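Colleague:
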Amino acid sequence: MRRLERILLPMATFAVLLMVWQLVASSGLYADYLFPSPHQVINGVLELSLGYTLWSDLGTSLFRFLSGFLTAALIAIPLGLVLGWYNRVWTALDPLVQVLRPISPIAWLPFIGLWFGIGDLPAIVIIFLAAFYPILLSTISAVHNVDPVYLKVAQNFGSSKRDILIKVVIPAAFPHITMGLHVAIGSAWVFLVAGEMMGVRSGLGYLIVDSRNYLRTDLVLVGIVFIGIMGLLIDRVVGAAERYVKKQWGIVN
Amino acid sequence: MSTIKIRVHRVEKNYTNGNGTAQTALIGINLDIMEGEFLCLVGPSGCGKTTLINLIAGFEQPSRGEITIDGQVVKDTNPKFITIFQEYSLFPWRTVQENVEYGLEAKGIPTKEREAIAQKYIQLVGLEKFANCHPPKLSGGMKQRVAIARAMAVDPDVLFMDEPFAALDPITRMKMQEEVVSLWQEKKRTFIFVTHNIDEAISLADRIVIMTPPPGRISTILTVSLKRPRGRTGRDFGLIRDRIYQEFGLKSGTPQAPDVNV
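The listed protein sequences correspond, in order, to chains R and Y.
Residue numbers for the first sequence follow this note's numbering, so the first one is 14 and each next one is one higher.
Residue numbers for the second sequence follow this note's numbering, so the first one is 4 and each next one is one higher.
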C-alpha cells in the first residue's frame with residue numbers, strides 16, 4: 014500500500030495544482046500573456062515539438078549541463094581528496110577557498126562573457142562554477158569524516174600513508190561524496206538558465222529569454238516547466254544512485 | 004618457563020580536555036605481561052583500561068614512563084601487535100575474504116598465498132559460507148569473528164582486544180568467549196583483553212588486572228588457576244567472583260570471602 018501511496022499522493026497534488034491553475038487562468042482575472050493557462054502551455058509544447066526546437070533545446074541544455082558538471086566533478090573530487098587528506102595543504106588554501114565560495118557564479122558573468130565569448134562555453138563555465146565548490150567542499154568533508162576506526166586498523170596493519178588514502182580513505186569517503194554530488198547537481202541545475210541567458214542561441218534558458226522578447230509568455234512557461242521536470246528527473250536518478258551506494262556500504266538512514 | 008613479553012614501567016597518561024584542564028587518565032602503572040598469557044584488564048568505565056591498551060599497542064604515547072615489547076620501546080603501532088576494537092571495524096566495501104586479506108596485502112604477500120591464508124582463517128572462525136558477503140549483511144557476532152580472522156591472519160605476536168564483545172547479546176557473547184579461548188590455546192600467543200564484564204574476565208584470563216576509577220591505577224592483579232575448559236558456575240568460579248566484587252566494593256552473596264588466589 015505504501016508504494017502506491019508514494020506515487021498517488023504527489024500525483025494528486027499535481028492534479029489539484031493544475032486544476033487551480035486552469036481555473037484561475039480561465040476566470041478572466043488576468044490577461045493571457047500575464048497568466049498563461051495549462052492549456053496554452055500544452056499548445057506551446059506541441060508548437061515547439063512540431064518545429065523540433067523543443068527537443069533540440071532540451072538536448073543542448075543537457076549537454077552543456079553535463080559537460081560543466083562532469084568537468085567540475087572530475088576536478089573537484091580528486092582535488093578534494095588530496096586537500097582533505099594532506100592537512101597542511103588545506104590549511105594553506107582554506108581561507109582562499111572560503112573567500113571565493115560565497116561569490117555567486119552569476120557575479121562572474123561579466124568576466125565569463127568577456128573571457129569565453131558566446132556559444133556553449135560560457136554556459137558550461139557557469140555550470141562548472143556552480144558545481145565546483147559544493148563538490149570540492151563535500152569531498153573534503155567526506156575525507157575528514159571517515160570513521161577513525163578504519164584509519165586505526167589500516168595504520169595497525171602497517172599500511173603506508175599513500176595506501177591508506179587509496180585503499181581506505183577513498184572507498185570510505187565514497188558514500189559521502191555521492192551525497193555531495195546529489196546536492197551539487199540540484200543546486201547547479203538552477204544556474205542553467207542563468208548560463209543560457211546570454212551569448213547563446215539555443216537551450217531552455219535561451220527559449221525563455223527569446224520567448225519573453227516576443228511576449229510569448231506561454232512559451233516562457235514551457236521552458237520553465239521543462240526545466241522543472243528535468244531538474245526533478247535528474248534529482249531522482251542521482252538520488253537512486255546515492256541510495257544504492259549507501260545500501261552497499263551498509264549505511265542506514 | 005615464561006619470559007616477559009611486555010613491560011609497562013611507571014606509565015602515566017595525561018590529557019588536556021576541551022576546557023583546557025588537565026586530566027590524568029593513568030598514573031603509576033607498572034605491569035609485566037608474560038609471553039603467551041591471557042591477560043584481562045577489568046574495571047568500570049573511565050578507569051583507563053582502553054587508554055592503557057592504546058598505549059601498549061602504540062596508538063598513543065605515555066606522558067611519563069616507558070613501555071617495551073620484547074625489550075623494544077613502543078613508539079608506534081606495529082603489525083606484530085594487532086588490536087581488535089569495540090566498534091565494528093570491517094571495511095564495508097570489501098567482502099569478508101577481502102577484509103581478511105587486508106593485513107596480508109599490507110605485508111606484501113602475493114595474491115595466491117594471500118587467498119589461501121585468508122581462507123584458512125575464515126574457516127577457523129567458521130564463516131566459509133560467508134566469504135564473499137559484505138559486512139553489512141553479517142550479524143554483530145559474525146563481524147567480530149571476521150575481525151578476529153583478519154587480525155590472526157597476519158600471525159601477530161600479541162592480540163589486543165578492547166571490549167570486542169560488548170555489543171553482542173549474552174549468548175553470542177559467551178560463544179565468542181569460548182572461541183577466543185580455543186584460538187588462544189591453538190596459537191599460544193599473548194592475548195590482552197579489556198572488559199568490564201567480570202564473569203567474562205574470569206572465564207578467559209590467566210590473570211586479571213583490576214583497575215580503579217580515574218585517575219586509573221592498578222588496584223590488584225589476581226591469578227586465575229581454574230582448569231580450562233572453565234564452567235561459569237561452580238564454587239571456585241564463585242569464589243573468584245566474590246573476590247573481584249570485593250575489590251570493587253560490591254556486596255556479594257557470601258560473607259566476606261577470604262583472600263583467594265585459587
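From the three backbone atoms N, C-alpha and C, an ideal C-beta is built for every residue, glycine too.
Since the structure is predicted, the reported quantities are computational estimates derived from the model, not experimental observations.
Tell me, which residues are paired with Leu-225 of chain Y by DSSP?
Modeller: According to DSSP, which records beta bridges pairwise, Leu-225 of chain Y is partnered with Y:Ile-211.
Colleague: Do we get a CB-CB distance below 9 angstroms when we pair Tyr-18 of chain Y with the residues of chain R?
Modeller: So no, Tyr-18 of chain Y is outside the interface.
Colleague: Give a yes or no on whether the C-beta atoms belonging to Gly-97 of chain R and Leu-234 of chain R are separated by under 9 angstroms.
Modeller: Going by C-beta atoms, Gly-97 of chain R is not nearer than 9 angstroms to Leu-234 of chain R.
Colleague: Count the other C-beta atoms from every protein chain shown that fall within 10 angstroms of the C-beta of Ala-85 of chain R, then say buried if there are 16 or more, exposed otherwise.
Modeller: Classification for Ala-85 of chain R: buried.
Colleague: What first and last residue would you give for the beta strand (DSSP E) that runs through Glu-255 of chain R?
Modeller: That residue, Glu-255 of chain R, is in no beta strand (DSSP E); its alpha helix (DSSP H) goes 230 to 261.
Colleague: What three-state label does DSSP hand Gly-111 of chain Y in the structure shown?
Modeller: Coil.
Colleague: For Tyr-124 of chain Y, count neighbouring Cβ atoms within 10 angstroms of its own Cβ and tell me buried if that reaches 16, exposed if not.
Modeller: So Tyr-124 of chain Y ends up on the buried side.
Colleague: List the residues that DSSP assigns as beta-bridge partners of Val-11 of chain Y.
Modeller: Bridge partners of Val-11 of chain Y: Y:Leu-34 and Y:Ile-70.
Colleague: When you compare only the Cα positions, how much space is there between Leu-229 of chain Y and Tyr-163 of chain R?
Modeller: Approximately 37 angstroms between the Cα atoms of the pair.
Colleague: Counting only beta-carbon atoms, is Tyr-257 of chain R nearer than 9 angstroms to chain Y?
Modeller: No, Tyr-257 of chain R does not count as interfacial toward chain Y.
Colleague: Could you tell me which residues DSSP pairs with Leu-44 of chain Y in its beta bridges?
Modeller: In the DSSP output, where bridge partners are listed per residue, Leu-44 of chain Y has Y:Val-197 and Y:Val-212.
Colleague: Using 8 angstroms as the Cβ pair cut-off and three pairs as the minimum, do the segment 46 to 57 of chain Y and the segment 205 to 224 of chain Y touch?
Modeller: Flag = yes, the segment 46 to 57 of chain Y and the segment 205 to 224 of chain Y touch.
Colleague: Which residue marks the beginning of the alpha helix (DSSP H) containing Leu-67 of chain R, and which one marks its end?
Modeller: Taken as a continuous stretch (DSSP letters only), the alpha helix (DSSP H) holding Leu-67 of chain R covers 66 to 98.
Colleague: Taking the beta strand (DSSP E) that Thr-24 of chain Y falls in, what are its first and last residues?
Modeller: Note, Thr-24 of chain Y: premise wrong, no beta strand (DSSP E); not H, not E.
Colleague: Out of R:Thr-104, R:Ala-120, R:Asp-133 and R:Pro-115, point me to the one whose CA is closest to Ile-153 of chain R's CA.
Modeller: Here the closest residue by C-alpha is R:Thr-104.
Colleague: Per DSSP, which one or two residues make a beta bridge with Asp-165 of chain Y?
Modeller: DSSP, once it has assigned bridges, lists Y:Val-197 as partnering Asp-165 of chain Y.
Colleague: Tell me whether Val-128 of chain Y sits in a helix, a strand or coil according to DSSP, three-state version.
Modeller: The answer is coil: DSSP assigns Val-128 of chain Y none of H, G, I, E or B.
Colleague: Tell me which residues share the same chain as Glu-38 of chain Y and place their Cβ nearer than 8 angstroms to its Cβ, disregarding the 5 neighbours each side in the sequence.
Modeller: Ser-5, Thr-6, Ile-7, Lys-8 and Thr-193.
Colleague: Thinking C-beta only, is Leu-186 of chain Y closer than 9 angstroms to Lys-146 of chain Y?
Modeller: No. Outside cutoff.
Colleague: Could you say which of R:Ala-136, R:Ile-119 and R:Leu-21 lies nearest to Val-213 of chain R if we only look at CA atoms?
Modeller: Measuring from the Cα of Val-213 of chain R, the nearest candidate turns out to be R:Ala-136.
Colleague: So which residues on chain R does Val-157 of chain Y lean against when the C-beta distance must stay under 8 angstroms?
Modeller: Within 8 angstroms Cβ-Cβ: Phe-170.
Colleague: For Val-95 of chain R and Pro-147 of chain R, I'd like the C-alpha separation in whole angstroms.
Modeller: Approximately 16 angstroms, taken between the alpha carbons.
Colleague: Spatial neighbours of Gly-93 of chain R within its chain, please: CB distance less than 6 angstroms, with the 5 preceding and 5 following residues excluded, ordered by chain position.
Modeller: Closer than 6 angstroms at Cβ, skipping near neighbours: Leu-149, Thr-152 and Ile-153.
Colleague: Can you find a C-beta in chain Y that's less than 9 angstroms from the C-beta of Val-182 of chain R?
Modeller: No, Val-182 of chain R lies away from the interface with chain Y (no Cβ there is under 9 angstroms from its Cβ).
Colleague: DSSP puts Gln-64 of chain Y in a beta bridge; with which residues?
Modeller: Beta-bridge pairing links Gln-64 of chain Y to no other residue.
Colleague: Rounded to the nearest angstrom, what separates Gly-234 of chain Y and Leu-225 of chain Y at their Cα positions?
Modeller: Rounded to whole angstroms, Gly-234 of chain Y to Leu-225 of chain Y spans 18 angstroms at the Cα level.
Colleague: Output, in chain order, the set of chain Y residues within a Cβ distance shorter than 9 angstroms of Trp-262 of chain R.
Modeller: Residues of chain Y passing the Cβ test: Pro-95, Trp-96, His-137 and Pro-139.
Colleague: Residues in the same chain with beta-carbon distance under 6 angstroms from Val-206 of chain R, minus the five sequence neighbours each way, listed in chain order, please.
Modeller: Within the same chain, Val-206 of chain R has close Cβ partners Gly-218.
Colleague: Would you identify the three-state DSSP class for Gln-288 of chain Y, choosing helix, strand or coil?
Modeller: Outside the shown range of chain Y, which is 4 to 265, sits residue 288 of chain Y, and nothing can be said about it.
Colleague: At a CB-CB cut-off below 7 angstroms, which residues of chain R make contact with Tyr-105 of chain Y?
Modeller: Per Cβ cutoff of 7 angstroms: Phe-170.
Colleague: Give a yes or no on whether 9 angstroms exceeds the smallest Cβ distance from Ser-92 of chain Y to chain R.
Modeller: For Ser-92 of chain Y, the answer is yes, since a Cβ of chain R falls inside 9 angstroms of its Cβ.
Colleague: Asp-79 of chain Y: buried (16+ other C-beta within 10 angstroms of its C-beta) or exposed?
Modeller: It counts as exposed.
Colleague: Roughly how many angstroms separate the alpha carbons of Ile-221 of chain R and Leu-67 of chain R, rounded to a whole number?
Modeller: Taking the straight line joining both Cα atoms gives about 11 angstroms.
Colleague: Would you call Val-265 of chain Y buried or exposed, if buried means 16 or more other Cβ atoms sit within 10 Å of its Cβ?
Modeller: Low confidence applies to Val-265 of chain Y: its pLDDT is 44, below 50, so where it sits in the model is not reliable enough to give any reading.
Colleague: Exposed or buried, what is His-52 of chain R when buried is set at 16 or more other beta-carbons lying within 10 Å of its beta-carbon?
Modeller: Exposed is the call here.
Colleague: Indicate whether at least one CB of chain Y lies closer than 9 angstroms to the CB of Lys-174 of chain R.
Modeller: No, its Cβ sits nowhere closer than 9 angstroms to a Cβ of chain Y.
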